[in-house]
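Numbering (numbering that gives the first Met the number 0), first residue to last: 0 to 325.
Don't be surprised by glycine CBs; every beta carbon is placed ideally from N, CA and C.
These notes are about the structure you will find just below.
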Amino acid sequence: MTSTLPVSPLTDALTLHRRVLRLMGNRFEISVVTANDGAWAEARIDAAVAEISRVERLLTTFDEASETNRINARAGIGPVPVSPEVYALVERSLRLSALTQGAFDITYGGIDKRLWNFDKQLTALPDPQTARQLVRLINYRNVRLDPADSSVFLTETGMRIGFGGIGKGYAAERAKAIMQQQGVANGVVNAAGDLTAWGHQPNGQPWTIGIADPTPATSHTATQAFSHLCISNLAVATSGNYEKFVVIGGKRYAHTIDPRTGYPISGLKSVTILAPNAELADALATPVMVMGTRVGLHLINQLPHVGCVIVDEHDRLFTSKNMKLT
0 MTSTLPVSPL TDALTLHRRV LRLMGNRFEI SVVTANDGAW AEARIDAAVA
50 EISRVERLLT TFDEASETNR INARAGIGPV PVSPEVYALV ERSLRLSALT
100 QGAFDITYGG IDKRLWNFDK QLTALPDPQT ARQLVRLINY RNVRLDPADS
150 SVFLTETGMR IGFGGIGKGY AAERAKAIMQ QQGVANGVVN AAGDLTAWGH
200 QPNGQPWTIG IADPTPATSH TATQAFSHLC ISNLAVATSG NYEKFVVIGG
250 KRYAHTIDPR TGYPISGLKS VTILAPNAEL ADALATPVMV MGTRVGLHLI
300 NQLPHVGCVI VDEHDRLFTS KNMKLT
């Protein structure tokens with residue numbers, strides 16, 4: 000999501016401090032409001048960065064020693080005791096898989112990403128048999144949890160889990176929690192569009208974001224916001240096909256893969272989720288893209304304190320029952 004944080008003129012008492020950096024392979028932006036105490040703000044941001052880096056070490060698939068890779072290495076062999084934190088995250092992920100009927104599934108890691116580059120060389124979709132072969136190991140029901148020793152077991156050889164659909168949101172919430180514990184009453188953590196905000200801007204107004212127009216921008220036009228939302232004490236995440244996609248046979252296919260079929264999803268341009276926390280918003284945005292407008296909105300309308308904005312491939316706008324756009 001291309002988001003903006005419009006800030007009105009600052010008061011004399013409060014100042015906004017921002018830091019932009021690359022973490023978890025993505026652009027993070029951390030903002031803190033303070034009473035003109037830059038050193039204090041920078042120390043709070045340092046603490047947030049340290050927490051995000053800690054979460055990354057737990058969840059990454061680029062470090063053989065990570066808990067994620069230890070689980071994957073023992074797939075089909077035996078259970079792996081993990082930290083209570085990772086165990087709880089897997090447990091929540093499996094509940095979300097059941098809620099979305101498999102549209103969200105952390106066992107997607109078995110798909111070979113090299114087959115889905117979504118570059119100019121991708122000119123045809125795989126045949127159904129190949130697609131079925133790609134997704135045969137994606138099944139959240141084959142993840143076994145044992146609370147007795149906090150262990151995780153992938154029952155099928157070759158299974159792999161990954162937290163790409165929930166990890167950034169979780170890290171953002173952990174960074175927020177650390178900063179709140181250290182006295183930050185007003186701030187924002189933006190994890191590549193998975194964004195959580197609390198308190199207010201320096202002028203006392205709520206934080207707001209702009210939802211990017213999902214129509215692809217040309218090289219001469221910047222991405223524009225088609226609506227703005229108040230997000231103070233809320234989180235937001237957007238999944239869209241306007242940044243990475245291919246057109247095959249005149250039809251647009253986003254980089255998002257339906258874990259149930261092995262095919263790229265089509266039909267929607269973007270889904271924006273508002274939720275009480277960034278982990279939940281992050282984990283719901285892509286599944287709604289997969290589920291489509293009717294089924295996705297039906298799901299969101301049943302969830303308390305969760306809202307949704309959908310733009311389909313015909314630029315039609317749909318919102319959940321509790322959403323009001325400005």
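What span of residues does the beta strand (DSSP E) with residue i cover, start to end?
i	result
Ala234	Leu233 to Gly239
His16	Thr14 to Leu22
Glu28	Asn25 to Thr33
Lys268	Leu267 to Ala274
Ile309	Gly306 to Asp311
Looking only at C-alpha atoms, which of the options sits nearest to residue i?
i	options	result
Arg21	Arg143, Gly168, Leu13 and Val48	Val48
Val32	Ser92, Ile160 and Gly186	Gly186
Asp126	Leu153, Leu298, Tyr262 and Ala176	Tyr262
Arg173	Thr207, Val85, Arg259 and Gly249	Val85
Val235	Gly295, Ala38, Asn276 and Ala64	Asn276
Lys320	Trp197, Ile165 and Gly295	Gly295
Thr271	Thr106, Ala64, Gly192 and Ala12	Gly192
Gln100	Leu324, Asp311 and Leu298	Leu298
Ile247	Ser265, Arg259, Leu88 and Ile256	Ser265
Lys250	Arg259, Thr237, Leu267 and Thr260	Leu267
Val81	Arg94, Ala64 and Leu316	Ala64
Arg368	Gly166, Asn138 and Thr106	No information on residue 368 is available, as it lies outside the stretch 0 to 325 that the chain covers here.
Do you know offhand how far residue i's Cα is from residue j's?
i	j	result
Ile51	Ala184	19 Å
Ser149	Arg26	32 Å
Ala74	Val308	38 Å
Glu41	Ile210	28 Å
Val342	Phe162	For residue 342 there is no data in the structure shown, the boundaries of the chain being 0 and 325.
Gly108	Gly164	11 Å
Ala282	Glu66	20 Å
Thr333	Ile256	Lying outside 0 to 325, the shown extent of the chain, residue 333 is not represented and no answer is given.
Ser359	Ala12	The structure shown does not extend to residue 359, since the chain is modelled only from 0 to 325, so the question has no answer here.
Pro303	Ala147	32 Å
Ile137	Arg259	8 Å
Return helix, strand or coil for residue i, following the three-state DSSP convention.
i	result
Ala64	coil
Asp257	coil
Gly192	coil
Lys320	coil
Ile264	coil
Val6	Its pLDDT being 38, under 50, Val6 is placed unreliably in this model, and the value from its coordinates should be taken loosely. Three-state result, Val6: coil.
Asp36	coil
Gly182	coil
Ile177	helix
Ile160	coil
Ile247	strand
Gly203	coil
Arg69	helix
Leu279	helix
Pro80	strand
Ile208	strand
Arg315	coil
Leu124	coil
The alpha helix (DSSP H) that contains residue i, what's its start and end?
i	result
Thr106	Note, Thr106: premise wrong, no alpha helix (DSSP H); not H, not E.
Arg293	Thr292 to Asn300
Leu133	Pro127 to Val134
Ser149	Where Ser149 is concerned, there is no enclosing alpha helix (DSSP H), given that its DSSP letter is neither H nor E.
Val85	Pro83 to Leu98
State the CB to CB distance for the pair residue i and residue j, rounded to an integer number of angstroms; the pair is presumed to be in contact (CB under 8 Å).
i	j	result
Ser269	Gly239	4 Å
Arg43	Gln200	In fact, because the Cβ distance is near 17 Å, the residues do not count as touching under 8 Å.
Asp62	Asn71	12 Å between Cβ atoms; not a contact.
Ile177	Ala46	5 Å
Thr292	Phe317	5 Å
Val188	Ile29	6 Å
Leu144	Glu90	6 Å
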